[in-house]
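Enquirer: Below you will find the structure I want to go over with you.
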Amino acid sequence: MALTITKIESTEFSYPLEDVGTDEHGFNLVYDPGETTHRKLFGLRIHTDAGVTGEYVGGNSPGAAQINTFADYLIGKDPLQREKHWSEIKRALRKYDRMGMGPVDIALWDLAGKHYDAPIHELLGTYRERIPAYASTYHGDEVGGLDSPEAFADFAEECRDAGFDGFKIHGWGGGDDTRDLRREIEAVHAVGDRVGDEMDLMHDPACELETFADALKLGRALDEEGFFWYEDPFRDGGISQHAHRKLGEKLDTPILQTEHVRGLEMKSDFAAGDATDFLRADPEYDAGITGAMKVARMAEAFGLDVEFHAPGPAQRHCIAATRNTNYYEMALVHPECQNTQPPVYEGGYSDMIDAVDDDGTVPVPDGPGLGVEYDWDYIEDNSTGSLHVYE
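Our numbering applies: residue 201 is where the sequence shown begins, and numbers increase by one.
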């Protein structure tokens, strides 16, 4: 007998990040002793007439607002018809970036796994059950954390000793006083000299570099140190095929793009246009597990690897079912403050830096659906008062 969706609940909540602030412009999270930043996420539950509930915690306010535009469509529908719903909702959100699709699609996959009593990676087709992880840092700061090239190199050594096989630099952001290209280049050489023979190294300026020339200068330093990839370097915002094709023609370091490009079609255009060497996918950003796996299969057809953005149980299941991918992004990590993971997981699931085994891997949850249990008491106790119920 078919299942029927009877109710959808979306609860906004906040949680604290101790010793974390923002840089000068307020856009990048950085280490800031004594400061507390409050982050907002959403807890989503999709209920059915059979008592099976799909759950996911994540998302952001713009994405949650989009859920308002299509949640009523799902009421009374069969939750197992994910591909049908994905197609209809994609059309409904054609004037937007479609980020509202991700949390809902992930929750529907969680529901399906619980219905079939199987982990999501098994429904997708398991390729592996342990995943190599790389350490993806907070942005550089000015207050005694990652505040110098030597500090990044020291931390890279710590991460190597903890088992990580990869290390990614997020450099300095903020204003003109802190965005110093010379310091960025010095950090590349410091980390390369210290661990370059032992770790795969990545660099993600997060679109901070202001000119093509700056991106080229930093990229040539990456070439000298044999970096594994170069990601979203400059102020085009990570969306120009032409600019990154030109950059890639002048560098040896592979380019990784499409974190900021939404949807299968635009990502496939990047691949077809030789505008990137690796593709980015994210089940939350790219219209759910359904959308992210479409990107992974498309990349495979082009002979490219896809690297999944950010940590989380949905990412682990996608990576577990993808041959052409290399690493799990353990982010954001820092020698003095915690990862940004919300304190909502019950049981053993963790995305803290110490969740990586001695061999540099993390496990894939093996319970039904996402394989994690959420602390709904914490979510409800820390609700901002924003609760949407559709039934």
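All C-beta atoms, glycine included, are put in the ideal place defined by N, C-alpha and C.
Bear in mind the structure is a predicted one, so any value in this text is a computation, not a measurement.
Are the beta-carbon atoms of G302 and G488 separated by less than 9 Å?
Expert: yes
Enquirer: Is C407 near D432, with beta carbons less than 9 Å apart?
Expert: yes
Enquirer: Span of the beta strand (DSSP E) holding K207?
Expert: Unbroken beta strand (DSSP E) run through K207: I205 to T222.
Enquirer: Are Y485 and H517 closer than 9 Å when you measure CB to CB?
Expert: With respect to the 9 Å criterion, Y485 and H517 are not classified as neighbours on the basis of their beta carbons.
Enquirer: Please give the ranges of any beta strand (DSSP E) in the region 466–492, keeping only runs that are unbroken, at least 3 residues long and fully inside the region.
Expert: 478–481
Enquirer: F352 lies in the alpha helix (DSSP H); which residues open and close that run?
Expert: P349 to A362
Enquirer: What whole-angstrom Cβ distance do K314 and V252 have, given they're in contact under 8 Å?
Expert: 5 Å
Enquirer: Alpha carbon to alpha carbon, what distance is there between R245 and R435?
Expert: 37 Å
Enquirer: Spatial neighbours of P543 within its chain, please: C-beta separation below 7 Å, excluding the five flanking residues on both sides.
Expert: Y215 and Y578
Enquirer: List the whole-angstrom C-beta distance separating P563 from E329, where the pair is believed to meet the contact cut-off of C-beta under 8 Å.
Expert: 7 Å
Enquirer: If we ignore side chains and look at the alpha-carbon of each, how far apart do I320 and P568 end up?
Expert: 7 Å
Enquirer: Taking just the CA atoms, how far does G396 sit from H389?
Expert: 9 Å
Enquirer: V257 to F242, Cα distance in whole Å?
Expert: 6 Å
Enquirer: Let me make sure I understand the geometry here. Which of D400, A333 and L464 has the alpha-carbon closest to that of G512?
Expert: A333
Enquirer: Rounded to whole angstroms, what's the CA-CA distance from D347 to A521? Just pull it up for me.
Expert: 38 Å
Enquirer: Taking the C-alpha atoms as reference points, what is the distance between Y545 and Y574?
Expert: 5 Å
Enquirer: Would you call the region 203–219 and the region 551–566 in contact, with 3 or more CB pairs under 8 Å?
Expert: no
Enquirer: Sorted by chain position, which residues of the same chain lie with C-beta nearer than 7 Å to A499's C-beta, five sequence neighbours on each side aside?
Expert: A471, L479, D505, V506 and N524
Enquirer: Looking only at its own chain, which residues have a Cβ that is under 8 Å from the Cβ of S550, when we skip the five neighbours before and after it?
Expert: Taking C-beta separations shorter than 8 Å and ignoring five residues to either side along the sequence, the partners of S550 in its chain run Q541, following chain order.
Enquirer: Does the beta-carbon distance from L274 to L311 come in below 9 Å?
Expert: no
Enquirer: Between E357 and T584, is the Cβ-Cβ spacing less than 9 Å?
Expert: no
Enquirer: For M530 versus S336, is the C-beta distance shorter than 9 Å?
Expert: yes
Enquirer: Could you check what DSSP says for E386 in three-state terms: helix, strand or coil?
Expert: helix
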